[in-house]
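Everything in the sequence shown is counted per the numbering used here, starting at 143 for the first residue and increasing by one.
Worksheet for the structure shown next.
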Amino acid sequence: MPRIAIIGSGLIGRTWAMVFARAGWDAALYDAIDGAAERALALIGEGLDELARHGLVADPKGSAARVRAAKSLADALDGASYVQENVPETVEAKRAIFAELDALAAPDTVLASSTSAIVASLFTQALKGRARCLVAHPVNPPHLVPIVELSGAPWTSAETIARAKAVYESVQQVPILVRREVEGFILNRLQGALLAEAFRLVGEGYVSPQDLDKTIKDGLGLRWSFMGPFATIELNAPGGIADYCARYTGFYKHLQARPAGVEVFEEANIANILKEWGRPATPDQLAARTRWRDQRLAALAAHKKGQPEVPR
143 MPRIAIIGSG
153 LIGRTWAMVF
163 ARAGWDAALY
173 DAIDGAAERA
183 LALIGEGLDE
193 LARHGLVADP
203 KGSAARVRAA
213 KSLADALDGA
223 SYVQENVPET
233 VEAKRAIFAE
243 LDALAAPDTV
253 LASSTSAIVA
263 SLFTQALKGR
273 ARCLVAHPVN
283 PPHLVPIVEL
293 SGAPWTSAET
303 IARAKAVYES
313 VQQVPILVRR
323 EVEGFILNRL
333 QGALLAEAFR
343 LVGEGYVSPQ
353 DLDKTIKDGL
363 GLRWSFMGPF
373 ATIELNAPGG
383 IADYCARYTG
393 FYKHLQARPA
403 GVEVFEEANI
413 ANILKEWGRP
423 ATPDQLAART
433 RWRDQRLAAL
443 AAHKKGQPEV
453 PR
């Protein structure tokens, strides 16, 4: 049975454990905080039960039994062919944990980081085994949103990238290759561009934050849940992408060239948006909304699982 070491038992670490366990892997979960990995096991079991209710895992109890709390980092790495690291999002933390992983893991074990924005070259350069290190950035929550961005450093070997791609495909994730290092990778840069325009449109008084959200969830998001922007515009002009560009990119060039307007992420604009958004959610409300989101994502994942791919 393949074995993965999952380092860090927070939200992302727990959901990675679910992803690999439901695919038949044994998962050793390690956390430097005493008792954290043990406490995470119950949450992993609950999450797998929820997936089972949507038909997304056949044997939740058996899957949960494949996850164990490791006593130490060395214990977690024992026999592991793959590592998924999920420690706090700082360069210092990544450098420290990767130095330990490189020293303790078997020489042929792939070392992957879940970092959201830090490129691999910033924390792997000094490592003896740096060729086996890469970023494998998931989207929250990974067990329901399957994209994984694979981004190596200039010294990451092609074999490492190929092995990582095969691993994620084998556990029903959707890996994409980031060809060159770029801060924030692909998804966060796309999200950042959309967020900047959303903050600008609300900040300049064109639309409320609630109506802007509807524009995505009941508009763009519906199309984008099955096809990306290039596949979308291919269907929006009779002659495909080239025809779409000939018809509409003059408009987009005009938008890109216009003055920036409000400083979208400055405190004054954020304060204005928060005022319009309304009273902040309580911790209980946030937890309830997170559960609702995950249930809806599970239902969507179950629906998409039964749908054919876009015809080519």
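Cβ coordinates follow ideal geometry from the N, Cα and C atoms, glycine included.
Because the structure is a prediction, the values reported are computed rather than measured.
- Minimum Cα-Cα distance from LEU343 among the listed residues THR257, ILE175, VAL406 corresponds to VAL406.
- Considered as a whole, the segment 273 to 332 harbours 300 to 312 as its complete alpha helix (DSSP H) runs of no fewer than 4 residues, in chain order.
- One Cα belongs to GLN427, the other to TRP434, and the distance between them is close to 10 Å.
- SER263 sits in a helix when the DSSP states are folded into three classes.
- Here TYR224 is bridged, per DSSP, to ILE146, VAL252.
- Around the beta carbon of GLU192, 16 or more other beta carbons sit within 10 angstroms, so the residue counts as buried.
- The bridge partners DSSP lists for ARG210 are ALA170.
- Exposed is the label assigned to ASP250, since fewer than 16 other Cβ atoms lie within 10 Å of its Cβ.
- PHE240: member of the alpha helix (DSSP H) spanning 233 to 246, first to last residue.
- Here LEU343 carries a helix assignment [DSSP, helix/strand/coil].
- Inter-residue distance for ARG237 and PHE265 is about 5 Å (C-alpha atoms, whole angstroms).
- In the DSSP annotation of this structure, ILE175 is not part of any alpha helix (DSSP H), being labelled neither H nor E.
- Of the residues LEU215, SER214, LEU183, the one whose Cα lies closest to the Cα of PRO202 is LEU183.
- The segment 437 to 451 and the segment 274 to 293 touch, with three or more beta-carbon pairs separated by less than 8 Å.
- In its chain, beyond the 5 residues on either side, ARG365 have a beta carbon closer than 6 Å to the beta carbon of THR374.
- Taken atom to atom, the span from the alpha-carbon of ALA388 to that of PRO280 is near 35 Å.
- Distance from ILE146 to PHE162 at the Cβ level is roughly 5 Å; contact confirmed, criterion being Cβ atoms closer than 8 Å.
- Scanning GLU325, LYS446, ASP355, THR391 for the CA closest to the CA of ALA295 turns up GLU325.
- Rounded to the nearest whole angstrom, the C-alpha separation of VAL225 and GLY361 is 38 Å.
- With respect to the C-alpha of ALA444, the residue from GLY152, LEU336, ARG181, VAL199 having the closest C-alpha is VAL199.
- Residue range 425 to 447 is occupied by the alpha helix (DSSP H) that includes GLN427.
- The alpha carbon of ALA259 has as its nearest neighbour, out of PRO144, LEU332, ASP217, SER367, the alpha carbon of LEU332.
- Its Cα nearest to that of ALA268, the residue PHE240 stands out among PHE240, GLU231, LEU397.
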